[in-house]
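S.K.: Got a structure for you, written out below as structure tokens; questions coming shortly.
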Amino acid sequence: MNNFKTTNQRIEEISLDCIKMGAYQRPTNSRQVMWITSEFDETWLGIPIVSERDGSYYLLDGNHRVAALRKQNYTHAKFIVLSGLSYEQEAAYFRVQNKNNRPLSKFNLFKAGLEAKDEMCVNIEKIALANGFKISGSRRDSNAITSIFALEIVVEVYGYEVLNDTLSLLGETWNGVKNATNREFIVGVADFVNRFGKQDFARRMKKQKLKDIWQYYIYLVPNGKRASNDPQMRKAFCRVLVDHYNAGIRPDSEKYLRMEARNGES
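Positions in the sequence shown are counted from 1; adding 46 to them yields this note's numbering.
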């Protein structure tokens with residue numbers, strides 16, 4: 047059994063040219079490096095970890111951060127330096143480190159954003175609470191919204207007013223109904239509001255079952271993309287909502303809604 051507690055460690059500034067990679071290291075993900083670079087703030091990077099062995103420094107933790115530093119033309123950086131590890135112990139350390147390091151969930155990041163008083167996080171929570179919802183990491187509560195990314199997409203694409211109207215309609219129409227706050231419904235209703243306003247949505251759509259709406263969407267888009275940030279997905283789900291909204295309305299009626307291309311849509 048490896049006893050990492052007996053390993054000596056110190057913090058040292060090291061030339062990035064001296065940092066080597068063991069075969070146990072995972073390949074560098076260029077997208078992750080680009081994301082770190084685009085949001086670059088040295089104070090947020092933390093301190094990467096290396097192992098000093100046979101006069102060389104082998105990277106144990108911080109592969110993408112080091113790549114981002116190089117991309118930002120840094121020549122040196124501070125590292126936590128561990129000494130006394132064999133190559134096999136390095137590999138074991140790397141395995142344990144990454145096994146125990148679970149990535150932060152979207153909810154964890156949202157909570158951290160609230161603590162940091164991030165404008166979007168604070169406003170989203172206010173709007174959710176005002177409409178009887180709460181942002182949560184669990185779907186146990188009927189009024190919980192776990193699709194945080196969908197909420198952020200609505201704000202980024204349509205703005206806070208549309209988000210407020212969207213959650214208002216979801217609450218008025220399907221209050222307490224399971225899956226009413228799924229990401230597809232959130233972004234689909236937001237697209238509806240953006241195109242038509244609130245209309246008579248709540249009264250007409252209360253008659254519609256979520257299961258039927260969902261099955262119709264699957265039928266229309268059997269292999270479609272489901273990402274919240276995909277405009278075609280939002281448009282497709284909006285079209286399904288419009289078809290259900292129009293049920294029982296004559297096509298020549300002023301109340302009949304028609305999907306029209308907007309903002310360069312096809």
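For every residue, glycine included, the Cβ atom is placed at its ideal position computed from N, Cα and C.
(1) What does the Cβ neighbour count give for residue 110, buried or exposed, with the cut at 16 atoms within 10 Å?
(2) Once the 5 residues before and after residue 117 are set aside, which same chain residues still bring their CB inside 8 angstroms of it?
(3) Identify, in the order they occur along the chain, each residue of the same chain with its Cβ nearer than 8 angstroms to the Cβ of residue 286, setting aside the five sequence neighbours on each side.
(4) My assumption, with CB atoms under 8 angstroms, is that residue 206 sits in contact with residue 173. Please give the rounded CB distance.
(5) Rounding to the nearest angstrom, what Cα-Cα distance links residue 178 and residue 208 in this structure?
(6) Answer with yes or no whether the minimum CB distance from residue 56 to chain C is below 7 angstroms.
(7) Select from 61, 254, 297 and 102 the residue whose C-alpha is nearest the C-alpha of residue 290.
(8) Can you tell me which of the three DSSP states residue 99 falls into?
(9) List the endpoints of the continuous alpha helix (DSSP H) containing residue 261.
(10) Using the Cβ count rule (16 or more neighbours within 10 Å means buried), how would you classify residue 107?
(11) DSSP three-state call for residue 125: helix, strand or coil?
(12) With distances taken Cα to Cα, identify the nearest neighbour of residue 138 among 200, 282 and 68.
M.R.: The structure says:
(1) buried
(2) 79 and 83
(3) 234, 259, 262, 263 and 266
(4) 7 angstroms
(5) 16 angstroms
(6) This model lacks chain C altogether, as it is built from one protein chain only.
(7) 254
(8) strand
(9) 256 to 266
(10) buried
(11) strand
(12) 68
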